[in-house]
Each structure stands twice: as C-alpha cells, then as structure tokens.
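In this note's numbering, the protein residues as written are 63 to 616.
Heads up, the beta-carbon is just placed ideally off N, CA and C, and yes, glycines get one too.
Since the model is a prediction, treat every value here as computed from it, not as a measurement.
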Amino acid sequence: MKFIVGLLYGVGCLLAMFAIGIPAGILVVFVIPPVALTLALPCGLYGMVGSRRRPVEFFGPGILGRTLFRQSDRSDKAAFGLDPAWPSFALAQVGPVGKNILAAGEQWARALSAWTKRPGKPVWFWFWSVLSPIVVAALLAALFLRIGVRVVFVVVWAAQLVLLLGAALTVVVLRAADRSVRVLRGGQASCPQPSCYHVSDIPSFACPSCGVLHHDVRPGPLGVLARRCRCGQLLPTTVTLASRRLRALCANCGEPLSVGAASMKEIRIPVFGSVASGKSRFLWMAVESLAVEARANRAAVTPVGEEAERWETMVDQVIRPQKQTLRTQPGSAVTGAVFQVAQPKGAPFRLQLFDAPGESFQNAQDNAELAFLDRAHGMVLIIDPFTIPRFRDELSQRFPELVSEAVPAELSPEESYDVTEQRLLTYGVNLQKKRLAIVMVKMDLFMRSGMAPARWGWGAGTEIRSWLVGDADLYNLVRRAEIAFGDVAYFATSSFDLPVAGDPRRTSLPLEWLADSFGARLVTAGPGPGSTDTTTRRRSPLVAAASHRGDGHE
Numbered sequence: 063m064k065f066i067v068g069l070l071y072g073v074g075c076l077l078a079m080f081a082i083g084i085p086a087g088i089l090v091v092f093v094i095p096p097v098a099l100t101l102a103l104p105c106g107l108y109g110m111v112g113s114r115r116r117p118v119e120f121f122g123p124g125i126l127g128r129t130l131f132r133q134s135d136r137s138d139k140a141a142f143g144l145d146p147a148w149p150s151f152a153l154a155q156v157g158p159v160g161k162n163i164l165a166a167g168e169q170w171a172r173a174l175s176a177w178t179k180r181p182g183k184p185v186w187f188w189f190w191s192v193l194s195p196i197v198v199a200a201l202l203a204a205l206f207l208r209i210g211v212r213v214v215f216v217v218v219w220a221a222q223l224v225l226l227l228g229a230a231l232t233v234v235v236l237r238a239a240d241r242s243v244r245v246l247r248g249g250q251a252s253c254p255q256p257s258c259y260h261v262s263d264i265p266s267f268a269c270p271s272c273g274v275l276h277h278d279v280r281p282g283p284l285g286v287l288a289r290r291c292r293c294g295q296l297l298p299t300t301v302t303l304a305s306r307r308l309r310a311l312c313a314n315c316g317e318p319l320s321v322g323a324a325s326m327k328e329i330r331i332p333v334f335g336s337v338a339s340g341k342s343r344f345l346w347m348a349v350e351s352l353a354v355e356a357r358a359n360r361a362a363v364t365p366v367g368e369e370a371e372r373w374e375t376m377v378d379q380v381i382r383p384q385k386q387t388l389r390t391q392p393g394s395a396v397t398g399a400v401f402q403v404a405q406p407k408g409a410p411f412r413l414q415l416f417d418a419p420g421e422s423f424q425n426a427q428d429n430a431e432l433a434f435l436d437r438a439h440g441m442v443l444i445i446d447p448f449t450i451p452r453f454r455d456e457l458s459q460r461f462p463e464l465v466s467e468a469v470p471a472e473l474s475p476e477e478s479y480d481v482t483e484q485r486l487l488t489y490g491v492n493l494q495k496k497r498l499a500i501v502m503v504k505m506d507l508f509m510r511s512g513m514a515p516a517r518w519g520w521g522a523g524t525e526i527r528s529w530l531v532g533d534a535d536l537y538n539l540v541r542r543a544e545i546a547f548g549d550v551a552y553f554a555t556s557s558f559d560l561p562v563a564g565d566p567r568r569t570s571l572p573l574e575w576l577a578d579s580f581g582a583r584l585v586t587a588g589p590g591p592g593s594t595d596t597t598t599r600r601r602s603p604l605v606a607a608a609s610h611r612g613d614g615h616e
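Have a look at this one:
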C-alpha cells in the first residue's frame, strides 16, 4: 500500500513539474533575460547613487588633487598643484561609478541566491515539488542578474577605456597645437611690474565668475575641450584662447598682465651702460623714432601700461622740446615699458624695453638681481664717446663747455661691459643665441669736437667698428663682444636731433635690427645708399651693412 501511494505521489510530482516546468522554461528562456537586464539598470542606478553600505565616491575640486591624480608637470606650475576645477567624468568618475555598480549587483544577486537556499522545516518537502519551478526560476534570475551586471560593468569599463584613449589623444593634439601656435608667434607672458619682470610661457588666469586663479589651463584631467571652475563657470582649455577671454595674471607676483599675454610675440631688449651714459634718453628717443617710422610705414606703436605712458610723457616733455635729461637717481628701480607694434603686414608684436640705473652695471653685486637680462632676446650697449679713455682728457682740456653739455658717463664702456658679460655667463646665459647692438650716443655733440669718424650715417656700421678698434682704442671691447655674442652690430645716434622718417641715423634702428631677428620687422623699405653687405641674407636689408659677425676677423 505504501509502495502504491509513493508511486502515485512520484507520478503526481512529475506531472506537476512538467505542467509547471514548461511555462517556467518559456519564462526562463524568453522573459528572464530581458527582466534580468532590466533589473541591472536600477541596480546600476543604485550603485551610482550609493547604497547605505557602500556610498558612491565623487571626486570634486577639493578631493581630486589629494587622491586620484598626482601632479606630474615638472614646470613652474607643479608647485600650485591641480587647479580648483571639476575633473573630467571620463578620467575621474567612471571608475568609482563602475565599482559601485558591480558591488550593488553582486549584493542583490547574493541576497536572491541566499533566499533560494534557505534551510527550511520538513514541511517544505511537501511543497518542494510545487515550488521547485519557482526556485529554479529564482536561481536563473540570480544568474542572469549576475551576468547582466557584469555585462554592464564590462561595457562601462570599455566605454571608459575608449573615452580615456580619445581624451588622451585629444589632450596631446590640443596641447601640441596650442604650444605650436605660441612658439610660432613667440608668445610669452612678461610681467611689467618693476619688482618682478617674471617671464612665463603659461600665465595664471582668473575665473570671471568667482575670481579664483587657474594656474594651468591646458587640456588635461580637469577638462579636455573645456573646464568647469568650482563655481560652475566654463573656461577655455588652451592658453591661446584663455589669453583672449580671461584676465591673465603673473604666476610669480599675481599682478595683472596685459591682454593677449602669452599669445602675442614679445621681444625683450634691455639697455646697459654706465651712469650718465645716456641710456634713458636713448630709449625715449628710440620710442619717438619708432613712432615716427611706424606712421611712415602705415604701422602703429601703442604704449601698454602706466610705465609706457610715462615714457610717452617724457618724450613730450624732454625729447621734443630738446631739453636736457635729468640723471636717474641712485637706487631707482628698474623700469620696463611695453609698446605694442601693429604692422601693416603680419601679426602685431610687443616690444618690452628695460632701463636700469647705471649703478647696477658698476659691479657684480649690484646687477645680480637683474634677472630680466637672462631672458632678453637682444641687448644694447650704450657707449658715451666722452668717456672713452683715449679722448677723455683731451676733450676736458680743449672743449670744457662741450663736455659739460654732454654730461659724460662715470665709467668707461669696457668696465660696464665686463660686469654685464660676467653676470650673464655666471647665470648660464648662452650669449651665442643673442644679438648685441653697440650704440654710440651723443654723436651730434661729439662730432663738434672733430674727433668723430668721417661719416656715421647710412651703412656706417663698418666705419664705426673700425673707428672703435683703431682711433678709439677699444679693440678689447669689440673683440670680446664679437666672440661672446652671436651677432654684433654698430650704430651711431644723436641725442638732440629729432627723428625723421627714413633717416638712416634714426635712434630706433638698433631696436629694429634686434627685433628683425625674431621676425618682427617694422620697416618695410628696401636698403638705401651705402648698403654693400650681400653675404648674410638672413639679416635685415636695412641694417645688414651695419652688422658684423663675431667671427674673429678684424
């Protein structure tokens, strides 16, 4: 009897299993997979939002720099760390979100699997045959849930990898393009503050919304095509665009820079010489001469900043009325004026001229802090003919009134040059990459003594050099300059004669020659009479005859 009851029970269980298993199988094959994937979606959202046990980790401006990335930039921006901006989702947030999705899915799958394996009482045996299809379906659902979550996880990581590779490639391309534009333009950010004069390839930029500084706006982990400041303001991610749209500040002192800093060609030219040698007057005369020449060539010279405007005022008050220049007071700060030159052809450029007190060039201790000399593109040595040892005593005896009018410098030209050259070599400056313009000033006064060269106008560079080496007995100075510097040229200028457009004796000619080597040509006229140098085509046709290569030949 028991055997028959057991047989009937077994047959009933089989029939029940077949009766329920067929629709359950259809459910498993056609319904559970999409249901499992559908369950994976809220699971993923759950993982992104964060569960009570595993909250999601969001990387914001304050956390990113301490945890996720290390500053690998070896430039002067490394000391600032990462800027206060939201990191790129592809670089910072995808990884933590993917981990939370996987953890949440595994947690749900483990809970469902554990429910199907709960230890029960004997009474569960009688319902097992009825509940078995449901249990099987639950197990399969847990399996498909695991598979679905892992598929989503793999897709997330694959998408992250694609985004990372694409972002990395875009970063490389944008950085290279941005740097290429700045290198071709010769763009650098030069601070105009007398106490700083710091030069940087990448200035700092202030957020227009909250004012916080971003020290490195180049594409990177904080944004590829654009970056978002911590206040939510969108900012450009190239120095070229940022210099046009944002306010640039010096990375060293924090003072504002001129508009277009680091994206416009800047040429830095310091002038050095002894006390009372005529440096300030030469610069003011050169600025006036540059403006006259620019107007004649359909160009424009515009002062940039307060110091440049002060120089313009000195031109109006001293140069044009042909008044005597007052001596710069000892201990005065170095002044640097920036002028923007708009050319009829080609991109505009900026000319930054430096004027330091003559005391700074008397000994090595005084000029140790003149860091702007190290970053100069070219230099101007001012020679006062009234202090040349060969003529000094004779001039004082024969022409005392002329000497009094000229206000001679305190030191000889060689002494000022020696101190400056040693300073540059001590700080590792490669002088072979720089040009030096040796300028004879006060020539309108010196010619009245009858000791000047026969002519000192157009094409007189070789004559001036020959006169310095011979009659002036400055062979050592000329020889050392031509050995140390890559290119040396000689000029003679007036101290009182007002500039005339096209005049080969114009005071701006040394500056034009120095700027020309960097592709910043202001004057477009051809060579004039007396130009005989045809051996060096890379030089400006206007001043080629006045230049002499430091090759050691006399």
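In the assembly as shown, Ser474 is a buried residue. Its beta-carbon has 16 or more other beta-carbons within 10 Å. Between Pro572 and Val501 the beta-carbon gap is near 5 Å, inside 8 Å, which marks them as a contact. Distance between Val503 and Phe401, taken at the CA atoms: about 22 Å. For Ala362, the enclosing beta strand (DSSP E) begins and ends at 362-366. DSSP lists Arg497 as the bridge partner or partners of Asp549.
Pairing Leu493 with Phe423 gives a Cβ-Cβ distance that is not under 8 Å. Pairwise C-beta distances place the region 332-340 in contact with the region 440-459, as three or more of them are shorter than 8 Å. Beta-bridge analysis with DSSP links Met441 to Leu498. Taking 8 Å as the cut-off, the Cβ atoms of Cys269 and Glu317 do not count as close. Partner residues in a beta bridge of Glu544, as assigned by DSSP, do not exist.
Rounded to the nearest angstrom, the gap between the Cα atoms of Ala370 and Gly398 is 8 Å. Partner residues in the beta bridge of Asp417, as assigned by DSSP, are Val333, Thr397. Under DSSP, the beta-bridge partners assigned to Trp148 are Arg290. In this structure, Thr299 sits away from Ser325, with a CB-CB distance that is not shorter than 8 Å. DSSP places Glu472 in the coil class of the three-state scheme, outside both helix and strand. The region 267-283 makes contact with the region 305-314; the number of CB pairs closer than 8 Å reaches 3 or more.
Taking C-beta atoms under 8 Å as the contact rule, Lys327 and Arg412 qualify, at a distance of about 7 Å. Taking a cut-off of 8 Å for Cβ pairs, the region 444-463 and the region 276-293 do not touch, as fewer than three such pairs fall below it. Exclusion of the five residues before and after Ala514 leaves Phe508 as the residues of its chain whose Cβ lies within less than 6 Å of its Cβ. In the structure shown, the three-state DSSP call for Gly249 is strand.
In the three-state reduction of the DSSP assignment, Gln484 falls in the helix class. In the structure shown, Val491 falls within a coil segment according to DSSP collapsed to helix, strand and coil. Between Leu536 and the set Thr449, Gln484, Lys495, the nearest pair of CA atoms involves Thr449. In terms of Cβ geometry, Gly248 and Phe558 do not form a close pair [threshold 8 Å].
Looking at the DSSP output, Pro410 sits in no beta bridge, so it has no partner there.
Straight across, the Cα-Cα distance linking Asp506 with Glu544 is about 26 Å. Just so you know, the alpha carbons of Trp148 and Val224 end up roughly 21 Å apart. For Glu317, the secondary structure class from DSSP, reduced to helix, strand or coil, is coil. One Cα belongs to Leu226, the other to Ser242, and the distance between them is close to 24 Å.
Counted as a single uninterrupted DSSP element, the beta strand (DSSP E) harbouring Ser266 occupies residues 266-268. For Arg452, the enclosing alpha helix (DSSP H) begins and ends at 451-460.
One thing to note: Gly523 has its Cβ no nearer than 8 Å to the Cβ of Tyr479. In the DSSP assignment, Ala582 falls outside any alpha helix (DSSP H) and carries neither an H nor an E. When secondary structure is reduced to three states using DSSP, Ser422 falls in the helix class. Relative to Asp549, the option among Gly340, Val377, Arg360, Ala577 whose CA is nearest is Ala577. Counting other Cβ atoms within 10 Å of its Cβ, Lys385 stays below 16 and is therefore classed as exposed.
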